[in-house]
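*Asks:* Counting with the working numbering, you get residues 838 to 947 for the letters of the sequence shown. Where a beta carbon is used, it is the ideal one built from N, C-alpha and C, also for glycine.
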Amino acid sequence: MALKHAAFLDVIDIRTPHREHGEAVSVSLMKTAHMQLLQLALPAGKGLPQHAVAGEITIHCIAGEVSLALRDGVRQLRENQLVALAAHEPHALQAVRDATVLVTVLHAPA
């Protein structure tokens with residue numbers, strides 16, 4: 838079954854999604870031609886390996902704590918903190934404590 842994305846003006850519930858057997862959960866909440874909202878629930882010690890995204894992004898720590906590895910060092914994000922990254926910025930993310938993050942990806946017009 839395909840995931841139903843939210844539409845403009847929809848109210849989106851961002852309570853922490855259920856973590857299955859201690860694994861990370863990623864949910865695409867909304868996707869348009871120019872933007873995508875992703876929610877990640879990361880158990881402590883889990884994360885995403887280094888990667889880069891074609892668009893500018895924000896990473897907003899909703900709960901817990903994550904470590905964001907960048908080219909010039911590491912940033913710690915705690916509850917209610919966020920960071921913005923330029924397009925193509927290599928980064929890796931790891932939960933220091935069980936964490937939920939909201940990622941916004943901006944896509945350049947085609």
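1) Taking the DSSP output, what are the residues bridged to Lys841?
2) If we ignore side chains and look at the alpha-carbon of each, how far apart do Asp847 and His888 end up?
3) By Cβ distance below 7 angstroms, which residues in the same chain neighbour Ser904 in space, the five residues on each side in sequence not counted?
4) Could you check which residue in Arg915, Leu907, His842, Gln918 has the C-alpha nearest to that of Ala924?
5) I'd like to check one pair, Met867 with Ala844: are the Cβ atoms closer than 9 angstroms?
*Replies:* Let me spell this out:
1) Locating residue 841 in the sequence shown gives position 4, counting from the first residue. Per DSSP, Lys841 has no beta bridge partner at all.
2) On the sequence shown, position 10 is the one that residue 847 refers to. On the sequence shown, position 51 is the one that residue 888 refers to. In a straight line, the C-alpha of Asp847 is about 30 angstroms away from that of His888.
3) Taking the first residue of the sequence shown as 1, we reach residue 904 at position 67. The answer, listed in chain order, is Val911, Gln913, Gln931, Val933.
4) For this step, residue 924 is matched to residue 87 along the sequence shown. That would be Leu907, whose Cα lies nearest to the Cα of Ala924.
5) Counting from one through the sequence shown, the residue named residue 844 turns up at place 7. Counting from one through the sequence shown, the residue named residue 867 turns up at place 30. Yes; because the gap between Cβ atoms is below 9 angstroms, this pair is in contact.
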